[in-house]
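FYI, in numbering that gives the first Met the number 0 the residues of the sequence shown are 0 to 139.
Glycine is no exception: its CB is placed at the ideal position from the N, C-alpha and C atoms.
Written below as C-alpha cells is the structure these notes are about.
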Amino acid sequence: MSENNMAVIQFLGYRLVNIHYNCAPEFEFPEGDVAYNFNFSKSNMLLSSNDFQENLEVNVFYSQDGDIANATYKLTVEIAGRFVCNGEWEAKWETNAIAIMFPYLRSMVSMITSSSGREPIILPTMNVAKLFEKIDNNDE
C-alpha cells in the first residue's frame, strides 16, 4: 500500500481489560419484554505522539427502577484497543477508533451472556459516535 493510500489510523488489536458479572442464582427476569439498561463510557491515553489506546466500557444491567446501584443483574465489560496514526494523534480520530472497537465489545457481551445459563443479550447495532456525542453534549 502506498503512503498516500494508508489509513489515517491503524487498528493494532484489542485486549479484554475487565469483566464483571453479577446475578444471584435465584434471580428470574420478569415475564414479557425485559428492558435492560445500557450505559457506555470511553477514555483514551496517548502512548506516544502517534500511538494511542482507546478504552470502551459497557454496563448492561436490570433494575426495577433503572438505577444501576439497585441492579439485580449486572454485566460490565471493558476492552482496550491500540491504534497508530500516520502523524500526530488528533482527537477527531477517536470517533473512528470507537466505531472500530464497538463490534468487538458487542460480541464479547453476547458471548458472555450466552454462556451464563440465561437468555443471551445482544447489544443493538448503533452509531456509538453519535451516542458519545450526545453524552458529551449533556456533560457540558
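Of all C-beta pairs linking the region 81–92 to the region 61–71, fewer than three are shorter than 8 Å, placing the two stretches out of contact.
If you look at A79, you'll find it in the beta strand (DSSP E) that goes Y72 to C84.
Annotation for V7: C84, N85 and W92 place their beta carbon closer than 7 Å to its own, counting only its chain and skipping 5 residues before and after. R105 is classed as buried because its beta carbon has at least 16 other beta carbons within 10 Å across all chains shown. Between E77 and E53 a beta carbon distance of about 11 Å is seen, past the 8 Å cut, so the two are scored as non-contacting.
By the beta-carbon neighbour count (other beta carbons within 10 angstroms, threshold 16), N43 is buried.
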